[in-house]
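K.L.:
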Amino acid sequence: MNKQFAIDVKEGLSTSPKRLSSKYFYDEKGSALFSKIMKLPEYYLTNAEFEIFEKKASEIIKLLGVTHQKSFDLIELGAGDGYKTIELLKALDAHHFQYQYTPIDISAKALDQIEKNIHQQLPNKKISPKLGDYFHILHDLKPSPLSKVILFLGSNIGNMENVEANSFLTHLSENLSKGDKLILGVDLKKSKDIVLPAYNDSQGVTSAFNLNLLSRINSELDADFNTDLFEHTPMYDEQEGVAKSAIKSIVNQEVEIKSLDMKVAFKKEEQIHTEISRKYDDIIIQKICLNTGLNIVGKITDSQNYFADYIIEKQ
Ligand SMILES: C[S@@+](CC[C@H](N)C(=O)[O-])C[C@H]1O[C@@H](n2cnc3c(N)ncnc32)[C@H](O)[C@@H]1O
31 MNKQFAIDVK
41 EGLSTSPKRL
51 SSKYFYDEKG
61 SALFSKIMKL
71 PEYYLTNAEF
81 EIFEKKASEI
91 IKLLGVTHQK
101 SFDLIELGAG
111 DGYKTIELLK
121 ALDAHHFQYQ
131 YTPIDISAKA
141 LDQIEKNIHQ
151 QLPNKKISPK
161 LGDYFHILHD
171 LKPSPLSKVI
181 LFLGSNIGNM
191 ENVEANSFLT
201 HLSENLSKGD
211 KLILGVDLKK
221 SKDIVLPAYN
231 DSQGVTSAFN
241 LNLLSRINSE
251 LDADFNTDLF
261 EHTPMYDEQE
271 GVAKSAIKSI
281 VNQEVEIKSL
291 DMKVAFKKEE
301 QIHTEISRKY
311 DDIIIQKICL
321 NTGLNIVGKI
331 TDSQNYFADY
341 IIEKQ
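Per the working numbering, the sequence shown runs over residues 31 to 345.
(1) Could you spell out where the alpha helix (DSSP H) holding residue 64 opens and where it closes?
(2) Going straight from the alpha carbon of residue 207 to that of residue 177, what length do you get?
(3) Should residue 90 be labelled buried (16 or more other beta-carbon atoms within 10 Å of its own) or exposed?
(4) At a cut-off of 6 angstroms, would you count residue 135 as near ligand 1, judging by its Cβ distance to the nearest heavy atom?
(5) Is the number of C-beta pairs between the stretch 212-225 and the stretch 327-342 that are closer than 8 angstroms three or more?
(6) Give the DSSP-derived three-state secondary structure of residue 331 in the structure shown.
(7) State the DSSP-derived secondary structure class of residue 199, mapped to helix, strand or coil.
(8) If you follow the alpha helix (DSSP H) that residue 42 is in, where does it begin and where does it stop?
(9) With DSSP run on the structure shown, which of helix, strand or coil describes residue 153?
(10) Is the Cβ of residue 110 closer than 7 angstroms to any Cβ of chain C?
(11) Quick one: what does DSSP say residue 249 is sitting in, helix, strand or coil?
(12) Once you ignore the five residues that flank residue 284 on each side, which residues in its own chain have a CB closer than 8 angstroms to its CB?
(13) So, do the stretch 312-324 and the stretch 191-202 have three or more beta carbon pairs nearer to each other than 8 angstroms?
(14) Shortest alpha-carbon distance to residue 122 belongs to which of 111, 155, 140, 330?
(15) Please report how far the alpha carbon of residue 142 lies from the alpha carbon of residue 242, in whole angstroms.
(16) In terms of residues, what are the limits of the alpha helix (DSSP H) holding residue 119?
(17) Any heavy atom of ligand 1 inside 6 angstroms of the beta-carbon of residue 163?
(18) Could you compute how far the alpha carbon of residue 80 sits from the alpha carbon of residue 69?
(19) For a test of your reading of the model: does the CB of residue 188 fall under 6 angstroms from any non-hydrogen atom of ligand 1? Yes or no.
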């Protein structure tokens, strides 16, 4: 049993409102579903950021300030299947830069996939994947004598509240040296008509992805959630720029989680909060970088201005 998962599920389902961390979406089935989400027509985030990496990799490399004389560490937090990053690797290789790529992910399935994808597209590339929680792996980063470029893409940071993002960036910054860079990919604030369908696709893949959390609790913690009695519930507050996903109980019910020796009561319409996906503008990015020792040095957007990759430097 994954001990931390058990602790977090117990705590999250005992508080009000109930919540489960989005990092637990990514078991084997969840990672496969997320790869599907990335290919959905409604999920504009991937295409927009892919366009940036495909068409503007040279601009990114220029802003990174890397040189041919010195090798550097390219470290990706929550790498997923590497679909967009591979475009950057191709551009770095085409220009003969020397670097070591380390994708970090909490999902073994995601790391398998990225190794497969890189092997197919860049057969000679050697990479050093690391399995684990990036919140814990961050402190292992400092010892390397090489300069670092950290990738944090896909608006992963948007899963954190602003205060949490600010302390995450502070912690990241403490493990970087002067001149190291961060590429921070974020989804930009935009209309509800574009954002909401990305979290509520017509094929029901996002719904299956969200409800898979309950199936994961069933199989790993011996619980009896009936996923037919729960519903995926997406919301977007356009003013605030925050999308939220929840799982709603459609009846009054009780669920038993045997491994935790616990019974959880749900009222009809009661929600379990599972994910926030914050949308950004320059002001919010500046706010989350405040007092972190990190400085914004560039911003690259896609042609529709849906998504931005900020280049950020350790001072
Ligand atoms: C939304 S996906 C994005 C993947 C990729 N960065 C992209 O832009 O396509 C999030 C990825 O981060 C990983 N992840 C989520 N929380 C994590 C954590 N705390 N530590 C390490 N990986 C994590 C998940 O397994 C998943 O592969």
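C-beta atoms are modelled at their ideal positions from N, C-alpha and C, and glycine is treated no differently.
P.N.:
To lay it out plainly:
(1) Locating residue 64 in the sequence shown gives position 34, where the first residue counts as 1. Taken as a continuous stretch (DSSP letters only), the alpha helix (DSSP H) holding residue 64 covers 58-68.
(2) Along the sequence shown, read from residue 1 onward, the residue named residue 207 stands at position 177. Along the sequence shown, read from residue 1 onward, the residue named residue 177 stands at position 147. Going by the C-alpha atoms only, they are around 7 angstroms apart.
(3) By 1-based counting over the sequence shown, the position of residue 90 is 60. When all chains shown are included, residue 90 counts as buried.
(4) As a position in the sequence shown, residue 135 is number 105, starting the count at 1. Checking every heavy atom of ligand 1 against the Cβ of residue 135, one is found closer than 6 angstroms.
(5) yes
(6) The residue given as residue 331 occupies position 301 in the sequence shown. Three-state DSSP puts residue 331 in a strand.
(7) Within the sequence shown, the letter at position 169 stands for residue 199. The answer is helix: DSSP assigns residue 199 an H, G or I state.
(8) Here the question's residue 42 lines up with position 12 in the sequence shown. Its alpha helix (DSSP H) spans residues 33-44.
(9) For this step, residue 153 is matched to residue 123 along the sequence shown. DSSP places residue 153 in coil when its eight states are reduced to three.
(10) Of the chains in the structure shown, none is chain C; there is only one protein chain.
(11) By one-based count along the sequence shown, residue 249 stands at place 219. Three-state DSSP puts residue 249 in a helix.
(12) As a first step, residue 284 must be located in the sequence shown, where it is residue number 254. Same-chain partners within the cutoff: 293, 294, 295, 296.
(13) yes
(14) In the sequence shown, residue 122 corresponds to position 92, counting from 1. Of the candidates 111, 155, 140, 330, the one whose C-alpha sits nearest the C-alpha of residue 122 is 155.
(15) Counting from one through the sequence shown, the residue named residue 142 turns up at place 112. Counting from one through the sequence shown, the residue named residue 242 turns up at place 212. C-alpha separation (whole angstroms): 20 angstroms.
(16) In the sequence shown, the residue the question calls residue 119 occupies position 89. First-last of the alpha helix (DSSP H) with residue 119: 115-124.
(17) Along the sequence shown, read from residue 1 onward, the residue named residue 163 stands at position 133. Result yes, Cβ under 6 angstroms from ligand 1.
(18) Taking the sequence shown and counting its residues from 1, the one referred to as residue 80 is at position 50. Taking the sequence shown and counting its residues from 1, the one referred to as residue 69 is at position 39. So the alpha carbons of these two residues sit roughly 11 angstroms apart.
(19) Within the sequence shown, the letter at position 158 stands for residue 188. The answer is no for residue 188.
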